[in-house]
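In what follows, a structure is listed as structure tokens, so that the remarks can point back to it.
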Amino acid sequence: MASMTQRTFILAISQLFNFAVQFMSPIFLVRLLDKTTFGQYREFLVYSAISLSFISFGVKGNLMYFISVDPANEKKLVTNTTFLLFAFSLIGITAIYFLRNQIGNLTTYNFIFWLMLYIFCYQNIDLLDTLLLARKRSDHVLYWTSANIIIRTGTLIWVAYRTNDVLRIIYLLIMLEVAKTIFTVAYLLKNRLLGVRIDRHLLKQQLYYILPLGFAAVIGQFNTNLSNVIISAKLGAAALAIYAIGSQKIPLLNIITQSVTYVIFPEMAGRIKKDPMLALGLWNQSNVLYAFLLLPCFFILFVYADVLINTLFTTQYSEAIPLFRIYLLLMVRRCFELGTPLRAMNKNMYFVFANFLALIVNIVLVYALFTLIGFYGPAIAFVIAEFALGIFLSVKTISSYQISWRELLPWKKIGWIVLINFLALPVLLLRNVFDLHPIAAAGLFSIMFMGVYLMALRWLQIDEVDLFMSKILHKLNIRWKRRAAAST
């Protein structure tokens, strides 16, 4: 079994590769489709994301918890989860059918039937990636997710090029989900992980775990997509296309946060009964890594947002640059991953309250800010709501573990990382001094910034950074640390 550091690295590579391939999709689509058609494609994705949050209800996530604490019942857990996914799918598409007129009044074109078909195919037995993570097989996750995203992105671009038709693109998405479902069923049957009987005792335990997180996920997804719905309904598909480009950094956040969280969560769930503070210490190490990896990305992307948007998506989407910078503030928020300690203790009701609080804050601010400043108001509202959610989860983590604010996070280490980024910031601003091509300036000064940043961190000798970099550079026979560091 690979170490936690190796599994985290493999999963990070997987997510990074998937993001790189997936990022190609809008780059090509904004050139192959006109702004309205691209906006209609994004509109379909927005409503499918909201619908899937209701229908999926976070069901498959229970496998990561229960397989970690009860591996002997893996087949029963997978069978129960498959049944739940199917049941929630039927309930969900039935609800969409009865709400079809209300949904149709908000959309710019009629795609309700195809939406129902897509989410039913997408939802059913969509658990293979979670199962592999629960089994601590990050390498298999790499193969599975990479194959999915390459096929999806490649065929999507091809269909857009050949047809320039949003409905043909939707047909393709449905066919791909059908193929994925067939493969997943075959995998489960081959590995004897799919039965025909439901274990009612385990099912009750799973539902007790799932329901709070499911309600939280529904509220959270609605909160996340509220701004997209407002822009689409009030300003139309073309404005939504610009809004979609402005939020392109969100998958980059998930690359880092999910890579670490997916690895440490099963470990925390296994340790929590033995020693809660031992589990909390593991989580603290992960937050140092979040700050180490995310903060330099924030500074680079914030300074060179104009270069990124204009180069990748053309100048017709330059209105997305301020929006992109607003959403980048989420990188600072995600440096503090505040949900895992509560999930590890199975205190999932807190997520319902937290997401409901964030939704209320978002709704109030969206109404106020959209009225005052228009297009950029919903983005500002969402960012503020996310920070409110983080504060609530922090308070509940402190009370659950009976610790102080000072003990919540390794503030000193994170503070040093923040300070180094600010001290290195003038390197990025050299673009205003030298008359270089924008792309050349972005590449050159970003590399110089990272060099200064890493040299300063090497001098400071922060344990978590030393261990992570040593593991990464060891394969290249490059020495990082100047002293021995404990391994995990």
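Following my numbering, the residues of the sequence shown are numbered contiguously, the last one being 487. Note that beta-carbon positions come from the ideal geometry of N, C-alpha and C, so glycine has one too. None of these values were measured; they are calculated from a predicted model.
Whole runs of the beta strand (DSSP E) within the segment 296-329, excluding any shorter than 3 residues: none
Residue span of the alpha helix (DSSP H) that contains Pro211, given as start and end: On the sequence shown, residue 211 is found 212 positions in, with the first residue counted as 1. Where Pro211 is concerned, the enclosing alpha helix (DSSP H) stretches over Arg199 to Leu234.
Residue environment, Arg478, which counts as buried when at least 16 other CB atoms sit within 10 Å: Here the question's residue 478 lines up with position 479 in the sequence shown. When all chains shown are included, Arg478 counts as exposed.
Limits of the unbroken alpha helix (DSSP H) element including Lys489: Lying outside 0 to 487, the shown extent of the chain, residue 489 is not represented and no answer is given.
Unbroken stretches of the beta strand (DSSP E), 3 residues or longer, contained in the segment 96-154: none
Stretch pair the segment 209-225 + the segment 45-64: three plus CB contacts closer than 8 Å: yes
Inter-residue Cα distance where the pair is Phe174 and Thr152: Counting from 1 along the sequence shown, the entry for residue 174 is found at position 175. Counting from 1 along the sequence shown, the entry for residue 152 is found at position 153. As written in the sequence, residue 174 is Met, which differs from the Phe given in the question. Rounded to whole angstroms, Met174 to Thr152 spans 13 Å at the Cα level.
Alpha-carbon to alpha-carbon, Ser445 and Phe110: Within the sequence shown, numbered from 1, the residue matching residue 110 stands at position 111. Within the sequence shown, numbered from 1, the residue matching residue 445 stands at position 446. Their Cα atoms are separated by approximately 43 Å.
4 or more residues per run - each alpha helix (DSSP H) lying fully within the segment 333-397: 339-343 and 348-372
Rounded separation between Gly389 and Tyr117 - CA only: Translated into positions along the sequence shown, residue 389 becomes position 390. Translated into positions along the sequence shown, residue 117 becomes position 118. Answer to the nearest angstrom: the Cα atoms are 33 Å apart.
Gln39 - containing alpha helix (DSSP H), residue span: Along the sequence shown, one-based indexing puts residue 39 at 40. Where Gln39 is concerned, the enclosing alpha helix (DSSP H) stretches over Lys34 to Ser55.
Selection from Phe448, Glu406 and Phe65 that minimises the alpha carbon distance to Tyr207: Here residue 207 is taken as the residue at index 208 of the sequence shown, counted from 1. The residue with the shortest Cα to Cα distance from Tyr207 is Phe65.
Tyr326 beta carbon less than 8 Å from that of Val382: By one-based count along the sequence shown, residue 382 stands at place 383. By one-based count along the sequence shown, residue 326 stands at place 327. Going by C-beta atoms, Val382 is nearer than 8 Å to Tyr326.
Which of helix, strand or coil DSSP assigns to Gly194: Within the sequence shown, the letter at position 195 stands for residue 194. DSSP places Gly194 in coil when its eight states are reduced to three.
Close Cβ partners of Leu318 (< 6 Å) along its chain, the five nearest in sequence each way excluded: Along the sequence shown, one-based indexing puts residue 318 at 319. It is worth fixing the name first, because residue 318 is Glu in this sequence and not Leu. Only Ile241 meet the Cβ criterion.
Residue nearest to Thr106 in terms of C-alpha spacing, selected from Asn79, Asn147 and Tyr46: In the sequence shown, residue 106 corresponds to position 107, counting from 1. Of the candidates Asn79, Asn147 and Tyr46, the one whose C-alpha sits nearest the C-alpha of Thr106 is Tyr46.
Three-state secondary structure (DSSP) of His473: Residue mapping note: residue 473 aligns to position 474 of the sequence shown, counting from 1. DSSP places His473 in helix when its eight states are reduced to three.
Chain-order list of residues whose beta-carbon lies under 6 Å from that of Ala455 (same chain, five-residue window excluded): Locating residue 455 in the sequence shown gives position 456, counting from the first residue. Closer than 6 Å at the Cβ level, and outside the excluded window around Ala455, lie Ile419.
Backbone secondary structure at Leu466 - three-state DSSP: Your numbering for residue 466 matches position 467 in the sequence shown. In the structure shown, Leu466 sits in a helix (DSSP, three-state: H, G or I).
Supposed contact pair Val464 and Phe291 - C-beta distance, whole angstroms, cut 8 Å: For this step, residue 291 is matched to residue 292 along the sequence shown. For this step, residue 464 is matched to residue 465 along the sequence shown. So it is a contact: roughly 5 Å between Cβ atoms.
Touch test, the segment 176-192 against the segment 308-324, Cβ-Cβ under 8 Å, three pairs minimum: no
Assigned exposure category for Phe112 - 16 Cβ within 10 Å defines buried: Here residue 112 is taken as the residue at index 113 of the sequence shown, counted from 1. With fewer than 16 Cβ atoms within 10 Å of its Cβ, Phe112 is classed as exposed.
For Leu368 and Ile359, believed in contact at Cβ under 8 Å, the rounded distance: Reading the sequence shown from its first residue, position 360 is the one you call residue 359. Reading the sequence shown from its first residue, position 369 is the one you call residue 368. That belief does not hold up - the Cβ atoms of Ile359 and Leu368 are roughly 15 Å apart, past 8 Å.
Residue burial classification, Gln220 (beta-carbon count within 10 angstroms, cutoff 16): Residue 220 sits at position 221 when you count from the first residue of the sequence shown. Label assigned to Gln220: buried.
For Val432, the three-state DSSP class (helix, strand or coil): Here residue 432 corresponds to residue number 433 of the sequence shown, with the count starting at 1. It is coil, neither helix nor strand.
Any 3 or more C-beta pairs closer than 8 Å across the segment 133-149 and the segment 98-105: no
Backbone secondary structure at Ala485 - three-state DSSP: Translated into positions along the sequence shown, residue 485 becomes position 486. With a pLDDT of only 43 at Ala485, under 50, the local geometry of the prediction cannot be trusted, and the value read off the model is given with reservation. Ala485: coil per DSSP, three-state reduction.
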